[in-house]
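Chains as they are written, first to last, in the numbering used here: chain A, 89 to 530; chain B, 89 to 530.
All C-beta atoms, glycine included, are put in the ideal place defined by N, C-alpha and C.
Keep in mind the model is a prediction, meaning the values are calculated, not measured.
Number of protein chains: 2
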Amino acid sequence: MDLKNKATYNFKMIYITSGKPQVVIVGGGFGGLYAAKSLAGAPVNITLIDKRNFHLFQPLLYQVATGGLSPGDITSPLRAVFKRHKNIRVILGEVRDFKPDEKKVIYDNGELDYDSLILAAGIKTHYFGHDEWADRTLALKTVEDAIEIRRKILLAFELSEIEFDPQKQKELMTFVIVGGGPTGVELAGAIAELSQQTLKEDFRAVNPAFARVILIEAADRLLPGYPFKLSVKTREALDHLGVTVRTKTKVIDIDETVIKVKTDGSEESISSGTVLWAAGMKATSVSERIAARIGATLDPAGRIKVGPNLSLENHADIFIIGDLAHVDGPGDRPLAGVAPVAMQQGKYVAKVIKDRLKGKAPSKPFKYHDKGSLVVIGRNHAVAWFGRFQFSGFFAWLVWVFVHIGYLIEYDNKLIVLIQWAWNYFTRKKGARLITASGKKE
Amino acid sequence: MDLKNKATYNFKMIYITSGKPQVVIVGGGFGGLYAAKSLAGAPVNITLIDKRNFHLFQPLLYQVATGGLSPGDITSPLRAVFKRHKNIRVILGEVRDFKPDEKKVIYDNGELDYDSLILAAGIKTHYFGHDEWADRTLALKTVEDAIEIRRKILLAFELSEIEFDPQKQKELMTFVIVGGGPTGVELAGAIAELSQQTLKEDFRAVNPAFARVILIEAADRLLPGYPFKLSVKTREALDHLGVTVRTKTKVIDIDETVIKVKTDGSEESISSGTVLWAAGMKATSVSERIAARIGATLDPAGRIKVGPNLSLENHADIFIIGDLAHVDGPGDRPLAGVAPVAMQQGKYVAKVIKDRLKGKAPSKPFKYHDKGSLVVIGRNHAVAWFGRFQFSGFFAWLVWVFVHIGYLIEYDNKLIVLIQWAWNYFTRKKGARLITASGKKE
Numbered sequence: 089m090d091l092k093n094k095a096t097y098n099f100k101m102i103y104i105t106s107g108k109p110q111v112v113i114v115g116g117g118f119g120g121l122y123a124a125k126s127l128a129g130a131p132v133n134i135t136l137i138d139k140r141n142f143h144l145f146q147p148l149l150y151q152v153a154t155g156g157l158s159p160g161d162i163t164s165p166l167r168a169v170f171k172r173h174k175n176i177r178v179i180l181g182e183v184r185d186f187k188p189d190e191k192k193v194i195y196d197n198g199e200l201d202y203d204s205l206i207l208a209a210g211i212k213t214h215y216f217g218h219d220e221w222a223d224r225t226l227a228l229k230t231v232e233d234a235i236e237i238r239r240k241i242l243l244a245f246e247l248s249e250i251e252f253d254p255q256k257q258k259e260l261m262t263f264v265i266v267g268g269g270p271t272g273v274e275l276a277g278a279i280a281e282l283s284q285q286t287l288k289e290d291f292r293a294v295n296p297a298f299a300r301v302i303l304i305e306a307a308d309r310l311l312p313g314y315p316f317k318l319s320v321k322t323r324e325a326l327d328h329l330g331v332t333v334r335t336k337t338k339v340i341d342i343d344e345t346v347i348k349v350k351t352d353g354s355e356e357s358i359s360s361g362t363v364l365w366a367a368g369m370k371a372t373s374v375s376e377r378i379a380a381r382i383g384a385t386l387d388p389a390g391r392i393k394v395g396p397n398l399s400l401e402n403h404a405d406i407f408i409i410g411d412l413a414h415v416d417g418p419g420d421r422p423l424a425g426v427a428p429v430a431m432q433q434g435k436y437v438a439k440v441i442k443d444r445l446k447g448k449a450p451s452k453p454f455k456y457h458d459k460g461s462l463v464v465i466g467r468n469h470a471v472a473w474f475g476r477f478q479f480s481g482f483f484a485w486l487v488w489v490f491v492h493i494g495y496l497i498e499y500d501n502k503l504i505v506l507i508q509w510a511w512n513y514f515t516r517k518k519g520a521r522l523i524t525a526s527g528k529k530e
Numbered sequence: 089m090d091l092k093n094k095a096t097y098n099f100k101m102i103y104i105t106s107g108k109p110q111v112v113i114v115g116g117g118f119g120g121l122y123a124a125k126s127l128a129g130a131p132v133n134i135t136l137i138d139k140r141n142f143h144l145f146q147p148l149l150y151q152v153a154t155g156g157l158s159p160g161d162i163t164s165p166l167r168a169v170f171k172r173h174k175n176i177r178v179i180l181g182e183v184r185d186f187k188p189d190e191k192k193v194i195y196d197n198g199e200l201d202y203d204s205l206i207l208a209a210g211i212k213t214h215y216f217g218h219d220e221w222a223d224r225t226l227a228l229k230t231v232e233d234a235i236e237i238r239r240k241i242l243l244a245f246e247l248s249e250i251e252f253d254p255q256k257q258k259e260l261m262t263f264v265i266v267g268g269g270p271t272g273v274e275l276a277g278a279i280a281e282l283s284q285q286t287l288k289e290d291f292r293a294v295n296p297a298f299a300r301v302i303l304i305e306a307a308d309r310l311l312p313g314y315p316f317k318l319s320v321k322t323r324e325a326l327d328h329l330g331v332t333v334r335t336k337t338k339v340i341d342i343d344e345t346v347i348k349v350k351t352d353g354s355e356e357s358i359s360s361g362t363v364l365w366a367a368g369m370k371a372t373s374v375s376e377r378i379a380a381r382i383g384a385t386l387d388p389a390g391r392i393k394v395g396p397n398l399s400l401e402n403h404a405d406i407f408i409i410g411d412l413a414h415v416d417g418p419g420d421r422p423l424a425g426v427a428p429v430a431m432q433q434g435k436y437v438a439k440v441i442k443d444r445l446k447g448k449a450p451s452k453p454f455k456y457h458d459k460g461s462l463v464v465i466g467r468n469h470a471v472a473w474f475g476r477f478q479f480s481g482f483f484a485w486l487v488w489v490f491v492h493i494g495y496l497i498e499y500d501n502k503l504i505v506l507i508q509w510a511w512n513y514f515t516r517k518k519g520a521r522l523i524t525a526s527g528k529k530e
């Protein structure tokens, strides 16, 4: 194929027809990205297919939702990431079905042949059997979700400013977050800070500092998977920011303006115009499709159970990684759906594939090396959990900043984000406070 | 009103009920922003009403449309701009009607009383009697427009990559821009650069450098209002970037995949999936409403004719500024709808209002002081027109950068944008290349 010849637009799918083994990766999240990167130098042709043309740095999405960063700051075009790796091609498309016996993946624009298939298609929001709540709450998964949340929060303050009915005003200025895991904690902290600090002088008729931010968690403490000490520190930090934390509290019902909750048997109704859902995720329809095609086993959250080397029992050429995979972790609990797990799994399956090509003995089972967890609370506070080392406060926040920036710089030289952060830190400013059309289907 | 008392959410509209004269400003673009800013210290209460919660730095919108900047980089929340000016309040709302005899403005959430009214509501796209072309082309006026253009351009390359039909592929990779004024020239340059440089290594099956960018202009040269010498330089620079410039060419028809044009009597059909419209603007329905209510005179483009001090003849308390106003300029041509004109008009009407309050003699008629024009072509080239001083090339581009940055920094300390630009300049990178839902109604 002569790309230099301007006379022709004709081309052949060279990656399909070349003699090298074909690796198809579904999903350009943390798992898919690391798998592709680790295979970049190997004697294979890689096709990475994703619905979106960019990799999203999910851990900072709450910053977009609260006006601190722009979507462009936390996304990298997949093509830009792999432009120098000529054995990787990127396809924009949505996977529809699988033909494991013919080793084919069906997507909206055609078929892809594979010798090895890596499924890293991620998850969607889970409403614990209340799918109707999806219309009444906002979840934080995509860039569009974040823009919609930003729109909803900022609009609530705008409408308060011109609202004469005090009851309605209170409803507008009450923000409820369901779920006291890392995402819920980070959202609650950021919204409290937005209203207490960034917006405090912006209005004339209302005072954004009066806004109520309520964080609801069913367990008896925030960050249930974390050490007890850090849960206490987290609650203290949120108290300090003016967030109302309600543990041991379950959601019973949500309608357009009221969320009904139950604490220790007593029910309460909270009037709120904005309910954010950070209480759980569920596997996409990909898992059901896979299960139907090849008889894979799903766990209750819809994740696919995989063998010790992350492949399927009946199909050694299909690997499942990231949030879509059910992998047993310490204490018989499955590994959490977080970025470091997906990244390590991506690297691991790349190694399994390379070892097989070299005819090496089967690889050791996958083992997750926990390098630690960080949750940020507001502008300069975080909790850090590195095994026996647990700490909180400003130093934890600094660690959080450098870990995240390091990742962003690795892929896309997003040095600019570091500078913007520093700027926001000193000015308490959130520059990306736009109310724009979200594009989210109502 | 006690804003400190958390027990009450009650409030009164203090700005309406206070004894100071009320100034209502409709629109937070360049005209409205400068009018409000100039009145900030005066003994008046100001209400600025806008449909959007942010001021948009329109001259850089083409950078968002071509992936170089994020919307947050070129917008400033109106509330943030005026947070320290306690006599200015901002209202999010859309003006529906006027009652000039009662001195009231009707908006979607209520009424506003005014003693002086400044209308700076801007314009919308004008299709020269072919409103059906609005559905088939993309104009560049709002942030959503820019995101939609970005989506369309990037998607065209993505679809080319998986397209087997060479004819269809050529159609996808042909971008037509209608209108050879500053916006058309800047868009054409940026798209050419995107395809020739930024994307050149990103694809495997197609070469983005083959993309055709066609700029169509009805007059016999680009930038018709500019000195002839600069039109020639502009054309040279676009030729160098690989843009096909077609002057003396009129659009006859546009359908979904074909744009039909006529040059010197001979017709031609160009297959193109993406047609951008940069050929003219028209006043919003505000002008028709005003005209109907008070018998104002409209010019053919829908702009309102104003008196020498920018007020209406029958209503000295209503001022029209910015793109909505028809003000005679040099050579009996109306002043162009550009930012510097609007900014000077905003300052001017603020002075007229302040002079009236002081009981001073009527102000001198408005006179536009042309400080020069700049049009940028690609990454490091611009044309500059400062009266007798006309120049082009890298130095003109540097002037352009500093003029624009200076403005951005004045309002929002957007130093970050300067750094990002510098970064883009050295890396030829366009980081904000997201395909996201546009939110634009189809």
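Residue i and residue j closer than 9 Å at C-beta
i, j, result
"residue 366 (chain B)", "residue 260 (chain B)", "no"
"residue 211 (chain B)", "residue 390 (chain B)", "yes"
"residue 263 (chain B)", "residue 399 (chain B)", "no"
"residue 238 (chain A)", "residue 154 (chain A)", "yes"
"residue 368 (chain A)", "residue 434 (chain A)", "no"
From the options, residue whose alpha carbon lies closest to that of residue i
i, options, result
"residue 292 (chain A)", "B:171, B:478, B:437 and B:319", "B:171"
"residue 482 (chain A)", "A:321, A:399 and A:239", "A:321"
"residue 408 (chain A)", "A:454, A:479 and A:465", "A:454"
"residue 310 (chain A)", "A:342, A:277, A:525 and A:288", "A:277"
"residue 112 (chain B)", "B:135, B:119, B:122 and B:441", "B:135"
"residue 188 (chain A)", "A:181, A:377 and A:492", "A:377"
"residue 185 (chain A)", "A:284, A:177, A:174 and A:200", "A:200"
"residue 353 (chain B)", "B:338, B:436, B:344 and B:362", "B:338"
"residue 70 (chain B)", "B:351, B:155 and B:236", "Shown here, chain B extends from 89 to 530; a query on residue 70 (chain B) therefore has no answer."
"residue 387 (chain A)", "A:416, A:191, A:468 and A:405", "A:416"
"residue 375 (chain B)", "B:413, B:396 and B:358", "B:413"
"residue 190 (chain B)", "B:202, B:180 and B:183", "B:202"
"residue 297 (chain A)", "A:273, A:306, A:266 and A:330", "A:330"
"residue 350 (chain A)", "A:382, A:334 and A:198", "A:334"
"residue 485 (chain B)", "B:476, B:475, B:461 and B:253", "B:461"
"residue 231 (chain B)", "B:440, B:142, B:444 and B:471", "B:142"
Within chain B, the residues that residue i reaches when beta carbons sit closer than 8 Å
i, result
"residue 387 (chain A)", "Those do not exist, as residue 387 (chain A) stays about 31 Å from chain B at its closest Cβ, beyond 8 Å."
"residue 142 (chain A)", "521, 522 and 523"
"residue 231 (chain A)", "522 and 524"
"residue 171 (chain A)", "289 and 290"
Partners in chain A for residue i, counting only beta-carbon separations shorter than 8 Å
i, result
"residue 238 (chain B)", "Simply none; closest approach about 10 Å."
"residue 250 (chain B)", "179, 180, 181, 197 and 198"
Contact set between residue i and chain B, taken where Cβ atoms lie within less than 9 Å
i, result
"residue 182 (chain A)", "Residues of chain B passing the Cβ test: none, with the nearest at roughly 12 Å."
Per-residue contacts from residue i into chain B (C-beta, under 7 Å)
i, result
"residue 242 (chain A)", "141"
Per-residue contacts from residue i into chain A (C-beta, under 7 Å)
i, result
"residue 246 (chain B)", "141 and 180"
| field | Interfacial residues, the segment 440-467 of chain A to chain B, with Cβ spacing under 7 Å | value | none
| message | Taking beta-carbon pairs under 8 Å, can you tell me which members of the segment 263-281 of chain A lie near chain B? | response | none
| field | Every unbroken beta strand (DSSP E) inside the segment 441-471 of chain B [3 residues or more] | value | 461-464
| message | Could you tell me which whole beta strand (DSSP E) segments of length 3 or greater appear in the segment 162-248 of chain B? | response | 163-165, 176-180, 183-187, 192-195, 198-201, 204-207 and 211-213
| task | Return the residues of the segment 154-165 of chain A that lie within a Cβ-Cβ distance of less than 9 Å from chain B, sorted by chain order. | result | 155, 157, 158, 159, 160, 161, 163, 164 and 165
| task | Below 8 Å between beta carbons is the criterion; list the residues of the segment 190-209 of chain A that meet it against any residue of chain E, in chain order. | result | Protein chains A and B are contained in the structure displayed, whereas chain E is not.
| task | May I have a chain-ordered list of the alpha helix (DSSP H) segments no shorter than 4 residues that lie completely inside the segment 240-318 of chain A? | result | 254-260 and 270-281
| field | Contact list for the segment 304-331 of chain B against chain A, Cβ threshold 8 Å | value | none
| query | What residues from the segment 287-305 of chain B come within 8 Å of chain A, judged by C-beta to C-beta, listed N to C? | reply | 287, 289, 290, 291, 292, 293, 294, 295 and 298
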